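Student: Sharing a structure with you now.
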Amino acid sequence: MKPAPFEYLAPRRRLEALEALSEYGVEAKALAGGQSLVPLLAMRLARPAVLVDLNRIRDLAFIRPYNGGLAIGAMTRQRTVEAHRLVVARVPLLAEAVRCIAHPQIRARGTIGGSLAHADPSSELPAAAAALDAHFVLASVRGERVLNSEQFFTGYLTTALEPDELLTEVRLPALLPDAGWAFVEIARRHGDFALAGVAAVLRLDGDGRCTEAQLVFTGVGPGPVRIPQAEQALLGQQVPGPSVAEMARIVQDNLDPPTDIHATADYRRHAAGVLAGRAMLQAANRTRERR
Amino acid sequence: MCAAKTLLLPFWLDIPQRSRAIRQAVVLEAHKMGTRWFGERIRRVEDPRLLTGRGSYVDDIHPPNLLHGAVLRSPHARARVVRIDASKARAMPGVAAVYTHADLPPPLGDPLPRLIPHPTLIHHKTQVALAADIVRHVGEPVAFVVAESRYLAEDALEAIEVEYDPLPAVVDLETAAGPDGPLVHEDAGTNVAAHYTQRVGDPEGAFASAPRVFRERIRMDRGTAASMETRGVVAIWDGRMRNLVIYDSTQSPIPIRNGLARLFGLPQNNVRVIAPDVGGGFGPKIMMFYPEEILVPLAAMRLNRPVKWIEDRRENFVATNQEREQIHDVEIAVDGEGRILGVRTVFLHDAGAYIAYGLIVPIVASTTLVGPYRIPNYHCEFKAVFTNKTQVSPYRGAGRPHGVFIMERLMDRVARELGVDRAEVRRRNLIQPDEFPYDTGLIYQDNAPLIYDSGNYPAVLEKTLGMIGYAQWPQQQAEARREGRTLGLGLALYVEGTGIGPYEGCRITVEPTGKVFAATSVGTQGQGHFTVFAQIIADALGVDVRDVTVTTGDTAAFGWGTGTFASRSAVVAGSAVALAGQAVREKALTVASGLLEASTDDLELAGGKIFVRGAPARSVTLGEVATAANPLRGTIPKEWEGPGLEAARYFAPPRGSFAGGCHAAIVEVDRDTGAVRVERYVVVHDCGTVINPMILDGQIQGGVAQGIGGALYERLVYDEDGQLLTQTFMDYLLPTAAEVPRAEIGHVETPSPLNPLGVKGAGEAGVIPAAAVFASALDDALGTRVAEMPLSHSLLLEMLRGAEAPAEDRSVHS
């Protein structure tokens, strides 16, 4: 388990990293926290000719207010995010999702941008980002572009990032005052990738009726999975109420999850429905608590 | 004195640690006054070294001029090797050599030695160090590269061209045992390596006339020991002296030394095998020979440079022996009160592609099955079957978990069918304390009669029931149910065969400093040998435990013995240590009686001194006695039996001693997701006299963790082509601290009459009944009928939906 030979670059400035990506293109791979890439290198499943280590670039790690919400630098460690005052105050769902990632040691290395750019179909952050209506800042020597999550996540382990592009920042709107949130998942062991998980944001009016629902699943498809029919089913309905069970059924009817050695498709489908119901109840309770 | 000691405590100890340390200092003081070390909760003397990173594992050995090896392994489960071209790899910079089967001189190119033959083991197939013409499992070695670094060696692996002609593989155990399965070894004409039956009493008669008979089909799947330290070998060859030094992460350095000497044509004295600190053994490291144990020394001798090979984790998954897969058809005959009239089991044992280690696992499974119960009529019959998977040899438990799982499933079944309480059914069938020694009528893995030496199973059961709160359980379960929580209680008893022969030895030497040095034949993989052996010696010689240094696992320090396996070190080596300690004590008294001009009957040994009873001023230190025992002039008396304050002794038990116990657990299950949480885990254990309760508790807790893994998490998954799908710790799930509760441990002490210490082995106690306990608890919680291990969320939910469905009568077999 030793990597194949590669050239190692460790730029200190963002522009140097972008220039390297521009020069080497598909031959290069950016190294963030290394929690996925380093094992892939060691098993020779990834064989980049050039490794561009981003860990020395200081201005890629930050958390700062942006448009009432937050902008988070791609190299910000997950452990920093989960406990950050601004994150907990403005995007609490993100903090909750990050705490479901592996263990503190891994989160101390793992980065927000690394996890999102890797786009593992069972990981927490893509689903959370999608439910939060995150925007992704992609930079290259050619300039910058900003994508939403539907544009950014394009399939199994793939994103809209071009070979010369770097995910530099994620922008997240603040949770609205009438909204509640939940992130729930089920994993084989504490800290494992989710067998199924769901990120939920719910807005309720004064009568407890749902005015907006965001439900994004992980572990049940090639990427973050949104089920618009389930969200629709909640609109105008009392939460909690019969609509939650109905929504869970719609979730189960509209998923086509994979079978693997850890769980069958049936299991994932069933669990996703159960978790969706639990997430809705928790989100609704939080909406009330915030009033 | 104590106060002064507290000042010396390391600053990094927290307050509770400090108070414990102070308590321990008090205990140490008490010992100086003549209290025994044996039986005390002494902290492990090896821990400061190991916990601060100063251990020395094989990968810590860095001889100058070192080369690094890497193994090219078969990507196919079964294939003909048509052609190997290593010329490109040999030409790569930094590559010292590439070996294939063609490069192996006889006898190194022959099948590796067979271990532990058995009359019924007709096809005792072993692998070749590098595959000659056929590969029989994914991961089988095909070529060995030696290079200036492991990186370069792995680069060179990719440059070796191997042309394979893939053949159909047989992966499924039942297919392999059937008439149509592809043959793993074509020359054998069958995949059945052995077919062995043992019978006690008249099983046919018992079943024919039994009022009730219940049948089950039970499966256990494959797992791996996953030692924290993988395997590894360093070989250093001195061509002038013709000396070979091997560092090997093995459980059996002495047999490895003897085998290597024979294979390489060297005197045993010219081969030294050192098993330094070993980061976990659990059984797979008792296997010999693994191919790398031949390839690394061969390369070192050919190249005249030291060579190191360290198994990486992916290799460990495919190239280190595995265990567990068995399919049992079993039936039990009982009377109307649930008393056992007979048990029959017919089962398949998956041996993997070779069977070097013989039939130990299935023999242990079939003989452990009878457990603590009176079973007058018993039939056990198994076929050991080749499949195109990694070889199988014992892993902690070594068939015992299988036997216990099956018997305890049957006891739960009988209880349910007859409407008798689970504990009561067991109580009615237990062997009673006055029935020992109890002859089961079976032959055990050591070819000796399976006779339980001692035990008190009713006491163990009642103590467990008390600790888990069995009497209050129905109420507790009902209350939880009202709160919407699903709880279950599981229970399982077991008997653990330990401490088998043939023998082990120890030599103890007191040096003129008064310090005591002991060398034993067994290696150590973290069990605490340095401490427990020192405790035994400290008592024998009246010295402080910290003045005793124990050496293990170095053939140059002690050259006769077998190894560390089958929970036998404390029993067999520990007894040899006690005998050697007694001999040194007697010699010390003999020599001192001359120095003090007093009869040995009037002498006492304590605090490192020998003194005349009632006149402590008339004394000599042990060091002075050691000096006197090795004079430069004069002579030494015949009764000294040689110079020096030293003795070596061996202990050979007539047969194994049998520990026993009972585990109980309470689990909570999420009915909607199949998630299982272990709320409590109780262990009551009887391993005879206890040497060190702290070390024993640690052994049990570690075993419980592995047991939880085997029950709920750890499964090696092979696809139909024989590819292992679980080759990383992302897919092969070990339980972590988050999944393993602290076991609540109780002890019953029934000394063994078979050894001078009264001890029995304890290495496997934690793991043996765990699967059975969880099956029992889940059935209790959910109304399921668990008949396989390991489980998962997904499987459990499937089972639960099956149990909830108002389907066909599931007790049709009764």
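Chains A and B, in that order, are what the protein sequence lines are. For the first sequence, the positions run 869 to 1159 when this note's numbering is used. For the second sequence, the positions run 2 to 815 when this note's numbering is used. Built from N, CA and C at the ideal position, the CB exists for glycine as well. Just so you know, these numbers come straight off a predicted model, no measurement behind them.
Does E484/B pass the burial test, meaning 16 or more other C-beta atoms within 10 Å, or should it be called exposed?
Tutor: What you label residue 484/B is simply residue 483 of the second sequence in a count that begins at 1. With fewer than 16 other Cβ atoms within 10 Å, it is exposed.
Student: V718/B touches chain A at which residues, Cβ-Cβ below 7 angstroms?
Tutor: Position 717 of the second sequence, counted from the start, is the residue given in the question as residue 718/B. Per Cβ cutoff of 7 angstroms: I1129.
Student: Name, in chain order, the residues that DSSP records as bridge partners for C663/B.
Tutor: Looking up residue 663/B in the second sequence gives position 662. C663/B pairs with L494/B, V685/B.
Student: Tell me, please, whether the CB atom of K1185/A is closer than 7 angstroms to any CB atom in chain B?
Tutor: Coverage of chain A is limited to positions 869 through 1159, which leaves residue 1185/A absent and any answer about it impossible.
Student: Quick one: what does DSSP say W1049/A is sitting in, helix, strand or coil?
Tutor: Within the first sequence, residue 1049/A is the residue found at index 181, counting from 1. It is a strand residue.
Student: Helix, strand or coil for G981/A? Go by DSSP, reduced to three states.
Tutor: Here the question's residue 981/A lines up with position 113 in the first sequence. DSSP places G981/A in helix when its eight states are reduced to three.
Student: Please compile the residues from chain A whose C-beta is within a distance smaller than 8 angstroms of the C-beta of T231/B.
Tutor: For the purposes of this step, residue 231/B is taken as the residue at position 230 of the second sequence. Ordered by position in chain A, no residue passes the 8 angstroms Cβ test against T231/B, which lies about 10 angstroms from the chain.
Student: Give me the residue from G280/B, Q526/B, H102/B, E605/B with the minimum Cα distance to L623/B.
Tutor: Position 622 of the second sequence, counting from 1, holds the residue named residue 623/B. When each option's Cα is compared against that of L623/B, the closest is E605/B.
Student: Tell me the rounded alpha-carbon separation between D111/B and A130/B.
Tutor: The sequence position of residue 111/B within the second sequence is 110, counting from 1. The sequence position of residue 130/B within the second sequence is 129, counting from 1. Approximately 8 angstroms, taken between the alpha carbons.
Student: How would you call G657/B, buried or exposed, if buried means at least 16 neighbouring beta carbons within 10 angstroms?
Tutor: In the second sequence, the residue the question calls residue 657/B occupies position 656. Buried, since its Cβ has 16 or more Cβ neighbours within 10 Å.
Student: Quick check on DSSP: helix, strand or coil for A820/B?
Tutor: Since the first residue of chain B shown is 2 and the last is 815, residue 820/B is not available in this structure.
Student: Indicate the three-state DSSP secondary structure (helix, strand or coil) for M221/B in the structure shown.
Tutor: Taking the first residue of the second sequence as 1, we reach residue 221/B at position 220. Strand, per DSSP.
Student: Is the region 1055–1069 of chain A touching the region 1147–1156 of chain A in the sense that three or more CB pairs, one from each, lie closer than 8 angstroms?
Tutor: As far as the Cβ criterion goes, the region 1147–1156 of chain A touches the region 1055–1069 of chain A, which means the pair count is three or higher.
Student: Check distances from the C-beta atoms of the region 1042–1076 of chain A to those of chain B and list, in chain order, the residues that come in under 8 angstroms.
Tutor: Those residues of the region 1042–1076 of chain A that come within reach of chain B (Cβ to Cβ, closer than 8 angstroms) are I1054, R1056, R1057, H1058, G1059, D1060, F1061, L1063.
Student: Does the distance from the CB of L122/B to the CB of A195/B come in under 7 angstroms?
Tutor: Residue numbering aside, residue 122/B sits at position 121 when the second sequence is read from its first letter. Residue numbering aside, residue 195/B sits at position 194 when the second sequence is read from its first letter. The answer is yes: Cβ separation under 7 angstroms.
Student: So, helix, strand or coil for D440/B, using DSSP?
Tutor: The residue given as residue 440/B occupies position 439 in the second sequence. Reduced to three states, the DSSP call for D440/B is strand.
Student: Under a CB-based cut-off of 7 angstroms, is V1142/A close to chain B?
Tutor: For this step, residue 1142/A is matched to residue 274 along the first sequence. It does; some Cβ of chain B falls within 7 angstroms.
Student: Suppose you measure from the CA of L717/B to the CA of A607/B; what does that come to, to the nearest Å?
Tutor: The residue labelled residue 717/B in the question sits at position 716 within the second sequence. The residue labelled residue 607/B in the question sits at position 606 within the second sequence. The alpha-carbon atoms of L717/B and A607/B are separated by roughly 54 angstroms.
Student: Counting only beta-carbon atoms, is A1139/A nearer than 7 angstroms to chain B?
Tutor: Against the first sequence, residue 1139/A aligns to sequence position 271. True, the Cβ-Cβ gap to chain B drops below 7 angstroms.
Student: Spatial neighbours of L757/B within its chain, please: CB distance less than 6 angstroms, with the 5 preceding and 5 following residues excluded, ordered by chain position.
Tutor: For this step, residue 757/B is matched to residue 756 along the second sequence. Residue 757/B is actually Pro in this sequence, not Leu. Excluding sequence neighbours, P757/B sits near S576, A579.
Student: Specify whether the region 334–341 of chain B and the region 86–96 of chain B touch according to this definition: at least 3 beta carbon pairs, one from each stretch, less than 8 angstroms apart.
Tutor: Verdict: no, contact absent.
Student: What number of angstroms, rounded off, separates the C-alpha of A885/A from the C-alpha of V966/A?
Tutor: Position 17 of the first sequence holds residue 885/A. Position 98 of the first sequence holds residue 966/A. Their backbone Cα atoms lie some 27 angstroms apart in a straight line.
Student: Excluding sequence positions up to five away, which residues of its chain have a Cβ less than 7 angstroms from the Cβ of T556/B?
Tutor: The residue given as residue 556/B occupies position 555 in the second sequence. So the list reads P254, I255, R258, R273, V274, once near-sequence residues are dropped.
Student: Which residue wins for smallest C-alpha separation from G467/B, given the options G747/B, L451/B, G260/B, P307/B?
Tutor: Reading the second sequence from its first residue, position 466 is the one you call residue 467/B. Comparing Cα-Cα distances from G467/B to each of G747/B, L451/B, G260/B, P307/B, the minimum goes to G747/B.
Student: Under the rule that 16 or more other beta-carbon atoms within 10 Å means buried, what is E1012/A, buried or exposed?
Tutor: Here residue 1012/A refers to the residue found at position 144 when the first sequence is read from its first residue. E1012/A should be labelled exposed.
Student: Given this structure, state the Cα-to-Cα distance separating G902/A from G978/A, to the nearest angstrom.
Tutor: Reading the first sequence from its first residue, position 34 is the one you call residue 902/A. Reading the first sequence from its first residue, position 110 is the one you call residue 978/A. Distance between the alpha carbons of G902/A and G978/A: 7 angstroms.
Student: Tell me F383/B's beta-bridge partners as DSSP assigns them.
Tutor: Residue numbering aside, residue 383/B sits at position 382 when the second sequence is read from its first letter. Looking at the DSSP assignment, F383/B forms a beta bridge with Y197/B, F348/B.
Student: Is it buried or exposed for R84/B, if we count other Cβ within 10 angstroms and need 16 for buried?
Tutor: Residue numbering aside, residue 84/B sits at position 83 when the second sequence is read from its first letter. R84/B is exposed by the Cβ-count criterion.
Student: Smallest Cα separation from R836/B: which of A627/B, A771/B, V415/B?
Tutor: Residue numbering for chain B in the displayed model covers 2 to 815; residue 836/B lies beyond these limits and cannot be assessed.
Student: Could you give the distance in angstroms between the alpha-carbon of P377/B and the alpha-carbon of G662/B?
Tutor: Within the second sequence, residue 377/B is the residue found at index 376, counting from 1. Within the second sequence, residue 662/B is the residue found at index 661, counting from 1. Approximately 21 angstroms, taken between the alpha carbons.
Student: Is the beta carbon of V768/B less than 7 angstroms from the beta carbon of Q702/B?
Tutor: Counting from 1 along the second sequence, the entry for residue 768/B is found at position 767. Counting from 1 along the second sequence, the entry for residue 702/B is found at position 701. Taking 7 angstroms as the Cβ cut-off, V768/B and Q702/B do not qualify as a contacting pair.
Student: Classify M289/B: buried if its beta carbon has 16 or more other beta carbons within 10 angstroms, exposed otherwise.
Tutor: Within the second sequence, numbered from 1, the residue matching residue 289/B stands at position 288. It is buried - the Cβ of M289/B has at least 16 other Cβ atoms within 10 Å.
Student: Among the residues of its own chain, which have a CB less than 6 angstroms from the CB of E162/B, if the five just before and after it don't count?
Tutor: Taking the second sequence and counting its residues from 1, one reaches residue 162/B at position 161. Cβ neighbours of E162/B beyond the five flanking positions: D86.
Student: Look up S88/B in the DSSP assignment and say whether it is helix, strand or coil.
Tutor: In the second sequence, counting from the first residue as 1, residue 88/B sits at position 87. S88/B: helix per DSSP, three-state reduction.
Student: Nearest-angstrom Cα distance between V677/B and A910/A?
Tutor: Working through the second sequence from its first residue, we reach residue 677/B at position 676. Working through the first sequence from its first residue, we reach residue 910/A at position 42. Each residue's alpha carbon lies about 34 angstroms from the other.
Student: Report, in whole angstroms, the separation of the C-beta atoms of P1064/A and A1116/A, which I expect to be a contact under 8 angstroms.
Tutor: Walking along the first sequence from the start, residue 1064/A turns up at place 196. Walking along the first sequence from the start, residue 1116/A turns up at place 248. Sequence check: residue 1064/A is Ala here, not Pro. The pair is not a contact, with the Cβ atoms about 12 angstroms apart (cut-off 8 angstroms).
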